[in-house]
Amino acid sequence: MICFFLIVFQGLSCLIKKIKFGLQIFFMAKLILVPTPIGNLEDITLRALRILKEADFILAEDTRTSGQLLKHFAIEKQLRSFHSHNEHRVLDETIALIQSSKTTALISDAGTPGISDPGFLLVRECIARGVEIETLPGPTAFVPALVNSGFPCNEFSFYGFLPQKKGRQTKWKELLADTKTLILYESPYRLIKLLEEIGQNLGEEREVCVCRELSKMFEENKRGTVKEVLEYFKSKTIKGEIVVVIKGAYVS
Ligand code: SAM
94 MICFFLIVFQ
104 GLSCLIKKIK
114 FGLQIFFMAK
124 LILVPTPIGN
134 LEDITLRALR
144 ILKEADFILA
154 EDTRTSGQLL
164 KHFAIEKQLR
174 SFHSHNEHRV
184 LDETIALIQS
194 SKTTALISDA
204 GTPGISDPGF
214 LLVRECIARG
224 VEIETLPGPT
234 AFVPALVNSG
244 FPCNEFSFYG
254 FLPQKKGRQT
264 KWKELLADTK
274 TLILYESPYR
284 LIKLLEEIGQ
294 NLGEEREVCV
304 CRELSKMFEE
314 NKRGTVKEVL
324 EYFKSKTIKG
334 EIVVVIKGAY
344 VS
C-alpha cells in the first residue's frame, strides 16, 4: 500500500515539474528589437507590424514619434520611454518589466534599434539576466548607403557618428589606418566640416558617396572625389539625413 502511494506521489511530482517547465518555456520573457522605416513607411515589414500588435508593451525612444507611426498602422499599444538620457536610470525597472511580460518590443525613432540608437545596453543586460533577445531584419540607413555607393561591400567598417570633440582626432587616425570601405553618419549641418576633414586626413582624391534622404522622395547619392563632392555641397543648402561612405584605401 505504502509502495503504491510512493509511486503515485513520485509520478505526480514528476508531472508537476514537467508542467512547471512547460509554463516556464511558454512564459519565457523575450525582448524583440523591431526596425522601423528610415523614411518610406512602406518599408515596415509584415512581421514588424505583427510583433508590434502582439507585444505586451513597446519601449520607444520617443513616444510621440513612435505614437504617430503606430497610429499610421492603426496599432494601439502602451508605449514606455526608453532613450539615451534615461537608459541607465531605468535599466533595472525596464528589465523587471520585460521579465514579467511575455513579449516586449523595442523601437527607435527610425531604423534598427542599437545602430547609433539606444538598444545595446538593454540587450547586453537582458542577455546577462537570461532574457531571450530577437532582432527582426529590417530598415537601417547604412546598408542601402553602402550598396548604393558602388564601393566594395564584402568588407566594411561602420563608425556611426564621429565624436564631436574629445577623441575626434584619434578617430581620424583610426580611420586612416582602416583600409576597408568606411561608413559614417552625419547631420546635414556638419556635412561640410566632415568632408573637409576627410580631405585633410584621408586625402582630397579619396572617393566618397554622400547618400541623402534614403528611401524618401528626394533621395540623392552623390559620388566623386572628396574635393568634387565638397564643392558640390558647398554650392547648396544641405537638408535631410545623411550617410557618408568612403571608398577603402588602395581600392582600384
Ligand atoms: N537606427 C538608425 C539606423 O538603423 O540606421 C540610425 C539612427 S541615427 C540616430 C540617425 C542617423 O542615421 C542620421 O543622422 C543619418 O546619418 C542616418 N539616417 C537615418 N535615416 C536616414 C535616411 N533616410 N537617409 C540617410 N541617412 C539616414
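Numbering-wise, the numbering used here comes out as the position in the sequence shown, counting from 1, plus 93.
Note that beta-carbon positions come from the ideal geometry of N, C-alpha and C, so glycine has one too.
C-alpha gap between residue i and residue j, whole angstroms
i	j	result
residue 318	residue 287	14 Å
residue 240	residue 313	14 Å
residue 117	residue 195	Residue placement at residue 117 is flagged as unreliable, the pLDDT there being 46, under the threshold of 50; a coordinate-derived value is accordingly withheld.
residue 181	residue 103	47 Å
residue 191	residue 124	7 Å
residue 185	residue 152	14 Å
residue 221	residue 279	32 Å
residue 197	residue 289	43 Å
residue 129	residue 205	7 Å
residue 270	residue 145	42 Å
residue 149	residue 264	41 Å
residue 285	residue 210	23 Å
residue 166	residue 172	15 Å
Burial state of residue i, where buried means 16 or more other Cβ atoms lie within 10 Å
i	result
residue 258	exposed
residue 201	buried
residue 114	Summary for residue 114: the model assigns pLDDT 47, below 50, so the residue's position carries little reliability, and this model does not support an answer.
residue 272	exposed
residue 246	exposed
residue 298	exposed
residue 242	buried
residue 215	buried
Distance between beta carbons of residue j and residue i, contact taken as under 8 Å
i	j	result
residue 294	residue 277	About 12 Å; that fails the 8 Å criterion.
residue 391	residue 322	Shown here, the chain extends from 94 to 345; a query on residue 391 therefore has no answer.
residue 341	residue 244	7 Å
residue 212	residue 126	6 Å
residue 154	residue 178	The pair is not a contact, with the Cβ atoms about 10 Å apart (cut-off 8 Å).
Ligand 2 heavy atom lying under 7 Å from the CB of residue i
i	result
residue 285	Absence of ligand 2 is noted for the structure shown, with ligand 1 being the only ligands found.
### Query
Is there contact here, the region 218-237 with the region 155-170, by at least three beta-carbon pairs under 8 Å?
no
### Message
For the region 290-304 against the region 322-339, do three or more pairs of beta-carbon atoms, one drawn from each stretch, fall closer than 8 Å, so that the two count as touching?
### Response
yes
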